[in-house]
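I have placed the structure first, in the form of structure tokens, so that the comments after it can refer back to it.
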Amino acid sequence: MTNSKTILLVEDEPLLSNILKSRLEKEGFKVFQARDGEAALKFLKEAKPDFILLDIILPKISGFEILEEMKKNPELQNAPVAIISNLGQESDIQKGRSLGAIDYFVKAQVTIDELVNKIKQMVV
0 MTNSKTILLV EDEPLLSNIL KSRLEKEGFK VFQARDGEAA LKFLKEAKPD FILLDIILPK
60 ISGFEILEEM KKNPELQNAP VAIISNLGQE SDIQKGRSLG AIDYFVKAQV TIDELVNKIK
120 QMVV
């Protein structure tokens with residue numbers, strides 16, 4: 000399957016980030032990585048990915064802060080974002096959704112295969 004869709008993967012854990020990048024590229028996506036919130040915002044100002052997979056606990060700028068910044072920017076406010084995080088409290092999930100995330104995955108509750116399949120469904 001070839002796919003020209005681009006994904007911004009914002010994850011500071013190198014092992015998980017590299018595994019996800021590899022799996023998504025095998026599905027035909029072009030994947031860009033950002034390891035901290037500052038790099039993610041810089042990328043978003045320069046390019047408009049088709050989909051963003053966003054961790055919440057990040058160095059420099061949190062995922063919630065990234066979502067808040069995106070909400071203020073007319074060019075980014077409708078970008079599809081799914082959160083992947085260790086934060087699994089209902090309050091965190093609600094906050095992510097209220098800031099515009101279309102889905103929220105708790106790392107301990109989702110496999111790589113499940114995550115890749117969900118992303119394939121969301122990135123149309």
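Under numbering that gives the first Met the number 0, the first residue of the sequence shown carries the number 0, and numbering increases by one thereafter.
Every residue gets a Cβ at the ideal spot worked out from N, C-alpha and C, and that includes glycine.
Query                                                                                                                                                 : Result
Decide if the segment 21-32 is in contact with the segment 62-69; the criterion is three or more beta carbon pairs, one per stretch, under 8 Å apart. : no
On the DSSP bridge list, what partners appear for Thr5?                                                                                               : Lys29
So is Leu14 buried or exposed if we call it buried at 16+ other beta carbons inside 10 Å?                                                             : exposed
Look at the alpha carbon of Met0 and the alpha carbon of Val122, and state the distance between them as a whole number of angstroms.                  : Note that Met0 scores a pLDDT of 48, beneath 50, so its modelled location is shaky and nothing firm can be said.
So, under 8 Å CB-CB, Val115 and Gly87 are touching, yes? Tell me the CB distance rounded to an integer number of Å.                                   : Wrong, their Cβ atoms sit about 20 Å apart, outside the cutoff.
Determine whether the beta carbon atoms of Ile55 and Ser16 lie at a separation below 8 Å.                                                             : no
Taking buried to mean at least 16 other C-beta atoms within 10 Å of its own C-beta, is Val109 buried or exposed?                                      : exposed
Can you tell me whether Asp11 is helix, strand or coil according to DSSP?                                                                             : coil
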